[in-house]
Structure formats: structure tokens, C-alpha cells
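Colleague: Please read through the structure below; I'll follow up with questions.
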Amino acid sequence: MSSDPSLLLCLPDDLFAMVSRFLLPRDVCNLSLCCKSLHACASSEKVWLTQCDMVGVVPHGDLVEWREGVSSYKALCRFLLRVKPLLGIWVNQNPELGNLVYVMPGFVSVVGCRIIPQELGHLGIQDGPIQWSSVFEVIGDFEGSTTFFLHGREEETDYVHPGSVKYIDESCNVLLLEIEARVQDYGSSSSSSSSTALLHDSGAMISGRVCRSNSEISRLQREGGNAEAIVPFNKLAFSDRKKLLEVTIGLVRQEVPPGMEAGPLFSAMRDDCDNFHKDLVLLKERRAILCEMCSLVSSRMDNEESSKGADGPLQLEQDDIRKSCNWSKDFSNLLNKENGHIQCTKKKSLGGYFWGGFKQILRKSSSVNESHAIFEKFTSRRETKHARLEDFLRSSDTIGLTLKASTVKLSSYRAWPNMPDNWFALFKMPLQVPSADQIYAGLWGGTFARPPGKPSQDKPGKALFFLLLSYEESQEQKLLIATKILEGTHYVLHPNGSAMFIVDINQPSYDSFPWDSNSDITHAFTGEGISNGYGFRYPGSKPGSLFIFENGVLAFVWKDTMSVLTLQRLHLQELLKKGERVPSLPPINNFSYLTKSYSNVFTGFPSASTSSPSPRFDFTLTCQFAFIFQTPPCFMMFYSYDIDKRYSLFHVD
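Residue numbers (the UniProt record's numbering): 1 to 653.
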């Protein structure tokens, strides 16, 4: 029996849309290339609404609302496919209390929200508002392309910092904040430029980019065009990357318009009809303002770039970047002086003055010969490993802020990835989906209290803990590991990423639960819970049992102390929609806080009217001093670990 291809064209739109559920978006696109008739069928709104629904980023009702902000469901599907890998839980090792950023849908956007380490009141987890702050958002334009906005607060003013989304791997596990170098083809026609922008739908136009001077562009064109390879941002030394981020962010920042800083970033729960529709109106206005802001900045940059004659604002900005980063060259000279290649002069720069003081500190901790050997090794490593900042600037025509979502091979220990401490990055926590054989996997929250998350009204709030429960098989054991990703204490008790408890699912416990319970116990497993060990970085463990209650609550009991950690499953998106927003940190620290800290840096951040507690101030000063002068890694680790010596070296009266 022969098949008639025209039968496919005779299907009603609704039925054809149902058939398309078995196709991937790229298959639908390929189908539209077969003929004009199939192109019309495959391009229908119903087909692409079905594809958007299959992506699974937002429910069907939200898709209908989001459609008002884009040209078609096909454009919306393009945006959803791009941002889907960003959704989920992202963490960083610092601060040790926890650095948890949850990326969730907004309005034709995804928003990165940081959960603040906090205590709970008597209302508990579900009813009490969770404190959070905004980190970044990625919005989709009318055609479904993406634009990145980094959030930050400086001098009591909220700013957004527009940039591009470089690319997003489907299996990305690292979010990198970078400066992207681009080479423009000045000889191409406008049609060529528009086609390039269409191919790169990830927001190819960088809002607030910084360009070279016309004379330098002409020089490169005379020498054969932009033939030199672009230097990757990650090849620069940490100090150069930090300085370049600071300068660029300062140039592209845009003040949040009055009234918009307190507006919502995502809508309320749908069951709260009045607030939901009010939020939807405000979200549409916010997105329109951000898109207009981005367009105006790009238009202003293009007009200034095409102007001729005297140096314009963009050339001055590029000069500012070069001047701001000239200290790296001075530091290289200082290293060479220490190596004996250049004789010391009587004149000292400001950097040389501080460098001399830092040498005295190094001499107190080790001999002169050891210091020279370390510097020789460090200098040779720097020459071969890191690219020069001048080469990075010389290899590009424009630079701009960008978000890069990459897949990097990282080792892990007990479900916690080993993170490089000098990346401006967030790292994705793999979240296991609960299944029949992994029923307890997922995100849980609770406190050291009974019942879970319900401190009594006559006692102060209990510290909130977020734990990520995952399964791991080892030596014929099926282990359930509870990894700490957030701790709401005033001063950290255990390192970020510690296993609060580990139990063997195949080993039942015969201990009885020591406290009265309103629910029956269905299962109990034997395991070990965290305890004080050899120093802060190396906690120990003591025996205990995990009890599973009929109402879904988990409780781990330490056998010797009878301490109880009670947990319940969390749905972060619902909690954030009912939460309380607090001010963000300055932009770079807001994305990734690299300074070692053992206290809560996300609340009461020091400003003109407030001052930080002395322990945190001393420690921050130590790390910043080490970062500025690029001390060898062994010394950075030494000052981070030896807290007592840290205070004696940098004590502030």
C-alpha cells in the first residue's frame, strides 16, 4: 500500500500539532524546508506552542502570557531552548556559610536569585518569608535573542550592567562572568552584518561595549586587518581579569529607573489572582524598559563609533582601561627586580612601596632564599601560563561584559565539586530527580529543632539549613549523602559542601526515636553525622540514625548527643515567590564572592553608613592585599588557613 504525502497536509492543525509532539524543534525546522506546503504547516503557531510546551521551562498558562512579549511561538521556543540549561541550583565555595543561587523563570526571562543565609521565625519554612537578593537575569527580546543583565548595588543605588550571552552548553556546569573580546569586520556591508546577527541569536550586539580609537583601527587595517588571534579572557592572570571586570562594569552600568528597583522580577503564585495580574503588568513594563535601555545604549555606541575627528567618549573609555591596567606592567618589573634581572632604583612607585612592605612580611614567615626560589618559580609559571593584558586589548576591536555557560570537567568528593578559587564563576549542583529507587533525592531544608522548621515563639529563630540529598553506590553500599549548601548560623560551623550525614539505605537501624512524634516512623537507616574533627576544614563524624516519618519528614539523630536535624522537601520556586527581597552586593561580589569569609556577608554589607565587624574586615583586607600583588598560591593558602597569624599581621585598631 503506497503512502500519500498529501495526507499529512490534510490533517487538521490541532492533530498536526499533536503529531509534532514526537518531533524535536530541529526536526520541525527541517520539515519546514521540504516544500512550501509543509513550511506553512510546520510554521503554524499551534505547532510551536506545542514545542514550547515540550521544552518544559514554564507551564502552559505562562506560555500564553509570554507570547505577548515575542513575535511568535517559534521565537519563544528559541529563547526557552537557550536558557533551559541555566535553570537550577548554582553554588560557590565562598563564603563558607553558603553561596546558593537559584535560577528560575521570570517574564520572558530567567532570574538568578541568591538565598540569604538566615534564621527562621516561628512561622517556619513554608509560611515564613525566605530572604533573597537578585544576582542576574537573562531576558529575551522580540525575536527570542538573549541579553544578559548583571545586578549590583553601589553607594545605596541599584544598577544593571548589560552584556551578552556568549553561548550556553546544553550540559553546562559552570557559569562564568567574563569580558568578551570581539573583532569587527569594518569592510562588510550592512546586509552582511544583519545576517551575522541573525545567525548569532544569543545577543550578538554587546550593550555598552568599549571600542578602540579610529587611529588604532586604521593601523591594524594597514597592517593587513585583524589577523591576530583573539586572546581568551581565561588566559589572563587573575589580577588582570579582576581589574578588567571592574573597569568594564564601571563603564557599562546603568542606574535602575526610580520605582523599578522595588518591582518584581517574577510573578506571584497563580492562586493569588490579584497580585499575580498586578505583577504581570509590572513585569511587562520592566522588560520593555530593559529592552529599550539596551537598544538606546547600543544605538548610542554605534553613533559614537561612526563619528570622526576628535577623540570621542569611547576612545577615552578605552584609554581609561589601558591606564587602569598599567599597574600589571609595573608589577612585572617588580618581579624582575626581585629576580635580580633589573637593578633597584631609588625612586619607588606606590606599588613598589607596598611591595617592599609585603617583602618584609614574607621574610618573617620564611627565609630569603626560599622566597626568591618561590618567586622564580612563580615568575616562570606566569610567563608561560598567563597572557598579557595588552595582548588581550590589542587583539580585539570591542570588548563587553558577557555570561558564558560552559561544560568543564570537575572532580568531586561526596557530591560536592572541587571548585577553582580564582574563577568568577558559579558551579551547578547536579540535582537528582526522585525515583522509585531514589525516593529521597532532591533539595531539603530544616533546622536543629522539633518539629521541622518550627521554632517556638518564646525562643529565638533556629538556623536554616539547605541540604542536597543524593545517592551514591560504593563497595556494595547504597549511600544517601546529605550535602550542606546553605547554613543560617551567624558564624559558620562546618565547611560549605560538607556531608551533614551519610546513611546506608541497605542497613536498617533498630534504634528508637528519642522524642515524641505526631507521625509514625516508616523506615530507619544507620549512618554517621558530622561532628568536630581535626580543625575546621576536616570535620569528623559520629554514629546516628536517619528516621523517615509517614508525613514525609526526615530526622537524623546523633546517637551520643541526641541532637535532631529535621528536614522537609523544599520547592524553591514557590518559596521565592512568597519571599522577601533584600539589597544586592556590588556587581562582581554579587556574582561570585571570592574572598574567604566565615560570616554572613550577604546581609548588612558595609556601606557609607555602616561598618563591618572587625574579624570580617581583617580577613577581607588580607585576601585583597594578596590578590592585588599576585602572591604565590602557597602563601595565599597560608594566610587563608592561619587565622591567628592573619590578625597579627593586619590588625586594625
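Built from N, CA and C at the ideal position, the CB exists for glycine as well.
(1) Would a C-beta distance cut-off of 8 Å place PHE525 and GLN507 closer than the cut-off?
(2) What three-state label does DSSP hand ALA405 in the structure shown?
(3) With which residues is residue 662 paired in a DSSP beta bridge?
(4) Would the beta-carbon of TYR593 fall within 8 Å of that of ASN94?
(5) Exposed or buried, which one is ALA262 when buried takes at least 16 other CB atoms within 10 Å?
(6) Determine the burial state of THR631: buried for a count of at least 16 other Cβ atoms within 10 Å of its Cβ, exposed for fewer.
(7) Counting C-beta neighbours from all protein chains within 10 Å, is the total for ALA40 16 or more, i.e. buried, or is it exposed?
(8) What is the DSSP secondary structure of GLN51, reduced to helix, strand or coil?
(9) Taking the alpha helix (DSSP H) that CYS392 belongs to, which residues open and close that run?
(10) Given that a residue counts as buried once 16 or more other Cβ atoms are within 10 Å of its Cβ, and exposed if not, what is ARG219?
(11) Applying the criterion that 16 or more other CB atoms from any shown protein chain within 10 Å of the CB defines a buried residue, is ARG287 buried or exposed?
(12) Please name the residue in THR566, ILE230 and PRO264 whose C-alpha comes closest to that of LEU546.
(13) Take TRP66 and list the residues in its own chain whose beta-carbon comes closer than 8 Å to its own, dropping the five residues that flank it on each side.
(14) Who are the Cβ neighbours of MET500 in its own chain at under 8 Å, not counting the five residues just before and after it?
(15) Going by beta-carbon coordinates alone, are PHE591 and LEU11 separated by less than 8 Å?
(16) Look at the alpha carbon of ALA17 and the alpha carbon of MET293, and state the distance between them as a whole number of angstroms.
(17) Quick check: the Cα distance between GLY128 and GLY121, rounded to an integer number of angstroms?
(18) Counting Cβ pairs closer than 8 Å, one from the stretch 566-584 and one from the stretch 399-413, do we hit at least three?
(19) Write down the C-beta distance between VAL252 and LEU401 rounded to the nearest angstrom, noting that I regard them as a contact closer than 8 Å.
(20) Short check: CB of ILE289 to CB of PHE424, under 8 Å?
(21) Tell me, please, which residues DSSP counts as bridged to ASN99.
(22) Verify whether the separation of the beta carbon atoms of CYS291 and ASP141 is less than 8 Å.
(23) Can you check whether the CB of SER133 is closer than 8 Å to the CB of VAL492?
(24) Could you give the distance in angstroms between the alpha-carbon of VAL256 and the alpha-carbon of ARG153?
(25) Let me know the secondary structure DSSP gives ASN506 once reduced to three states.
(26) Please list, in chain order, all residues of the same chain as ASP520 whose beta carbon is under 6 Å from its beta carbon, the five residues on each side excluded.
(27) Could you tell me which whole alpha helix (DSSP H) segments of length 4 or greater appear in the stretch 521-599?
(28) Helix, strand or coil for GLY140, going by three-state DSSP, please let me know.
(29) Just verifying my parser: in three-state terms, what is the DSSP assignment at TYR73?
(30) Could you give the distance in angstroms between the alpha-carbon of LYS284 and the alpha-carbon of GLY69?
(31) Any idea which residues DSSP pairs PHE148 with across the strands?
(32) Look at the alpha carbon of GLU390 and the alpha carbon of LEU585, and state the distance between them as a whole number of angstroms.
(33) Is it buried or exposed, GLY544, if we count other Cβ atoms within 10 angstroms and call 16 or more buried?
(34) Could you round the C-beta distance between ASP511 and GLY527 to whole angstroms and report it? I think they count as a contact, below 8 Å.
(35) Less than 6 Å between C-beta atoms, sequence neighbours within five positions excluded: which residues of the same chain meet that for ALA463?
(36) By alpha-carbon positions, which one of SER20, LEU176 and ASP14 ends up nearest to PRO232?
Modeller: On the basis of the supplied data:
(1) As a working mapping, residue 525 is identified with position 525 in the sequence shown. As a working mapping, residue 507 is identified with position 507 in the sequence shown. The answer is yes: Cβ separation under 8 Å.
(2) The count along the sequence shown starts at 1 and reaches residue 405 at position 405. DSSP places ALA405 in strand when its eight states are reduced to three.
(3) In this structure the chain extends from 1 to 653, so residue 662 is not present and cannot be described.
(4) On the sequence shown, position 593 is the one that residue 593 refers to. On the sequence shown, position 94 is the one that residue 94 refers to. Against a cut-off of 8 Å, the Cβ pair of ASN94 and TYR593 comes out as a contact.
(5) Taking the sequence shown and counting its residues from 1, one reaches residue 262 at position 262. ALA262 is exposed by the Cβ-count criterion.
(6) Along the sequence shown, read from residue 1 onward, the residue named residue 631 stands at position 631. Low per-residue confidence applies at THR631: pLDDT is 32, beneath 50, and the placement is therefore not dependable, though the value from the model is reported in the following sentence. THR631 comes out buried.
(7) The sequence position of residue 40 within the sequence shown is 40, counting from 1. Result: exposed.
(8) Working through the sequence shown from its first residue, we reach residue 51 at position 51. Reduced to three states, the DSSP call for GLN51 is helix.
(9) Taking the sequence shown and counting its residues from 1, one reaches residue 392 at position 392. For the sequence presented, residue 392 should be read as Phe rather than Cys. From DSSP, the alpha helix (DSSP H) with PHE392 extends over 389-394.
(10) Numbered from 1 along the sequence shown, position 219 holds the residue referred to as residue 219. Only weak support exists for where ARG219 lies, its pLDDT of 43 falling under 50; the coordinates are left without a value.
(11) Here residue 287 refers to the residue found at position 287 of the sequence shown. Burial call: buried.
(12) Taking the first residue of the sequence shown as 1, we reach residue 546 at position 546. Per the Cα distances, THR566.
(13) On the sequence shown, residue 66 is found 66 positions in, with the first residue counted as 1. Hits under 8 Å: VAL58, LEU76, PHE107 and VAL108.
(14) Within the sequence shown, residue 500 is the residue found at index 500, counting from 1. Cβ neighbours of MET500 beyond the five flanking positions: PHE465, LEU467, ALA482, THR483, LYS484, HIS494, GLY529, ILE530, PHE556 and LEU565.
(15) Indexing the sequence shown from 1 puts residue 591 at position 591. Indexing the sequence shown from 1 puts residue 11 at position 11. For PHE591 and LEU11, no; Cβs fall outside 8 Å.
(16) Along the sequence shown, read from residue 1 onward, the residue named residue 17 stands at position 17. Along the sequence shown, read from residue 1 onward, the residue named residue 293 stands at position 293. Taking the straight line from one Cα to the other gives about 37 Å.
(17) Position 128 of the sequence shown, counted from the start, is the residue given in the question as residue 128. Position 121 of the sequence shown, counted from the start, is the residue given in the question as residue 121. Answer to the nearest angstrom: the Cα atoms are 7 Å apart.
(18) no
(19) The sequence position of residue 252 within the sequence shown is 252, counting from 1. The sequence position of residue 401 within the sequence shown is 401, counting from 1. Yes, they are in contact, since the Cβ atoms of VAL252 and LEU401 sit about 6 Å apart, within 8 Å.
(20) In the sequence shown, counting from the first residue as 1, residue 289 sits at position 289. In the sequence shown, counting from the first residue as 1, residue 424 sits at position 424. Their beta carbons are not under 8 Å apart, which means ILE289 does not touch PHE424 by this criterion.
(21) Within the sequence shown, numbered from 1, the residue matching residue 99 stands at position 99. DSSP output for ASN99 lists ASN92 as bridge partner(s).
(22) Translated into positions along the sequence shown, residue 291 becomes position 291. Translated into positions along the sequence shown, residue 141 becomes position 141. Yes.
(23) Indexing the sequence shown from 1 puts residue 492 at position 492. Indexing the sequence shown from 1 puts residue 133 at position 133. The answer is no: Cβ separation not under 8 Å.
(24) On the sequence shown, position 256 is the one that residue 256 refers to. On the sequence shown, position 153 is the one that residue 153 refers to. Rounded to whole angstroms, VAL256 to ARG153 spans 10 Å at the Cα level.
(25) Against the sequence shown, residue 506 aligns to sequence position 506. Strand.
(26) The residue you call residue 520 lines up with position 520 of the sequence shown. GLU550, listed in sequence order.
(27) 572-577 and 587-591
(28) By one-based count along the sequence shown, residue 140 stands at place 140. Correct three-state label for GLY140: strand.
(29) Taking the sequence shown and counting its residues from 1, the one referred to as residue 73 is at position 73. Helix.
(30) Position 284 of the sequence shown holds residue 284. Position 69 of the sequence shown holds residue 69. Between LYS284 and GLY69, the C-alpha separation is close to 8 Å.
(31) Here residue 148 is taken as the residue at index 148 of the sequence shown, counted from 1. Per DSSP, VAL138 and GLY163.
(32) As a first step, residue 390 must be located in the sequence shown, where it is residue number 390. As a first step, residue 585 must be located in the sequence shown, where it is residue number 585. About 30 Å.
(33) As a working mapping, residue 544 is identified with position 544 in the sequence shown. By the 10 Å Cβ count, GLY544 comes out buried.
(34) Within the sequence shown, residue 511 is the residue found at index 511, counting from 1. Within the sequence shown, residue 527 is the residue found at index 527, counting from 1. About 11 Å separates the two Cβ atoms, so there is no contact after all.
(35) Residue numbering aside, residue 463 sits at position 463 when the sequence shown is read from its first letter. Taken in chain order, the residues that qualify are GLU119, GLY488 and THR489.
(36) Position 232 of the sequence shown, counting from 1, holds the residue named residue 232. It is LEU176.
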